[in-house]
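Just so you know, my numbering puts the end of the sequence shown at 90, numbered straight through with nothing missing.
These notes concern the structure reproduced below.
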Amino acid sequence: MILFTIGAVGVLVRRNALIVFMCVELMLNATNLAFVAFAREHGNLDGQLAAFLVMVVAAAEVVVGLAIIIAIHRSRGSISVDEVRQVRG
């Protein structure tokens, strides 16, 4: 719970896109830890399978997200989330 809270606060407070990305990864890792702990407590593999699925989704998210961040940095020279308005709907 503490790890997830630290990640959530980082996403809400920080303005650097890379820091926000790392905080999202921190929240995903906290979720994985909870899944594995519940699976261990109940003696089945369901939580470990869910953690594996979360890791796969996180890896895909990192690939796409870092590509977007690099493209924004090349075009604008900054990766502040406040300055990016093109990605908004």
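The C-beta atom is built at its ideal place from N, Cα and C for all residues, glycine as well.
Quick one: is A52 buried, meaning 16 or more other Cβ sit within 10 Å of its Cβ, or exposed?
-> As a position in the sequence shown, residue 52 is number 51, starting the count at 1. A residue is called buried once 16 or more other Cβ atoms fall within 10 Å of its Cβ, and A52 is buried on that count.
Chain C beta carbons: is any one of them nearer than 8 Å to that of L13?
-> Protein chain content of the structure displayed is limited to a single chain, and chain C is not contained in it.
Ordered along the chain, which non-local residues of its own chain (more than five positions away) have a Cβ less than 8 Å from that of H74?
-> Working through the sequence shown from its first residue, we reach residue 74 at position 73. Closer than 8 Å at Cβ, skipping near neighbours: I80.
Bounding residues of the alpha helix (DSSP H) (the contiguous stretch that carries S79) | Locating residue 79 in the sequence shown gives position 78, where the first residue counts as 1. Counting along the chain, S79 falls outside any alpha helix (DSSP H), and DSSP gives it neither H nor E.
Three-state secondary structure (DSSP) of N45 | The residue given as residue 45 occupies position 44 in the sequence shown. Coil, per DSSP.
Grab me the residues of V20's own chain with a C-beta within less than 7 Å of its C-beta, minus the 5 sequence neighbours each way, in chain order.
-> Counting from one through the sequence shown, the residue named residue 20 turns up at place 19. It should be pointed out that residue 20 corresponds to Ile in this sequence rather than to Val. These residues qualify, in order along the chain: G11.
Report buried or exposed for A61, applying the criterion of at least 16 other Cβ atoms within 10 angstroms of its Cβ.
-> Here residue 61 refers to the residue found at position 60 of the sequence shown. Counting C-beta atoms within 10 angstroms of its own C-beta, A61 has fewer than 16 neighbours from the protein chains shown and is therefore classed as exposed.
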